[in-house]
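Notes for the one structure printed next.
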Amino acid sequence: MAASYSIGHPILDDDHDRMIAAWRELEASRTLEAAKAAASRLMAEASGHFDREEQFMVQCGYPDLARHKRLHAEMGAALRHVLLLPLLGKGGHEEFILAMRSLMDKWVMAHILGEDSKLAPYVRASRAGGSLGRPAVASRR
Ligand SMILES: [Fe+2]
Ligand SMILES: [Fe+2]
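Residues 88 to 228, numbered by this note's numbering, are exactly what the sequence shown covers, in order.
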């Protein structure tokens with residue numbers, strides 16, 4: 088992951104990396120089928136990630152949890168909406184990529200940089216307090 092995206096939490100940073108990797112795969116896809124497969128992987132990664140991130144927020148007493156949860160829910164709904172377009176026969180491969188691209192820019196990238204980044208000080212505090220041990224977190228996977 089580019090250092091600018093990192094919030095310092097190994098599991099959550101890995102999640103973000105995998106979401107961005109699925110997105111790159113989608114961008115590189117040559118067919119609508121391949122794009123849909125990458126998009127469903129992205130969707131699955133995102134929903135697991137939102138749960139893990141919200142769980143961490145609860146653990147560290149993040150004060151803006153309710154608003155952040157709402158943003159995750161809105162992002163999930165927007166993602167599901169775009170995923171439905173090809174099923175409804177609305178547009179081909181190119182349109183699907185464009186719709187996903189604007190979603191990624193508006194939601195995912197802006198969200199990671201503008202919202203998730205606010206978690207960094209809480210991650211540092213958890214690390215200092217020893218509650219971010221790798222084995223304990225890794226065993227939840
Ligand atoms: Fe988030
Ligand atoms: Fe996130």
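For each residue, glycine too, the CB sits at the ideal point set by N, CA and C. Quick caveat: nothing in here was measured; it's all calculated off a predicted structure.
Query, Result
"Contact set, ligand 1 heavy atom to C-beta under 6 Å", "GLU140, HIS155, HIS159, HIS198, GLU202 and ASP203"
"Rounded Cβ spacing between LYS123 and PRO173 (contact assumed at less than 8 Å)", "6 Å"
"8 Å Cβ cutoff met for GLU141 and LEU129", "no"
"Alpha-carbon spacing of HIS96 relative to GLU181, whole angstroms", "35 Å"
"Residue nearest to MET191 in terms of C-alpha spacing, selected from GLU114, MET144 and TYR149", "GLU114"
"Host alpha helix (DSSP H) of LEU166 (start-end)", "152-174"
"Whole-number beta carbon distance between ALA186 and VAL169, since they are thought to touch under 8 Å", "5 Å"
"Inter-residue spacing [alpha-carbon to alpha-carbon] between TYR149 and ALA207", "11 Å"
"Which of helix, strand or coil DSSP assigns to GLY216", "coil"
"Stretch pair the region 191-201 + the region 155-168: three plus CB contacts closer than 8 Å", "yes"
"LEU200 beta carbon near ligand 2 (any heavy atom closer than 7 Å)", "no"
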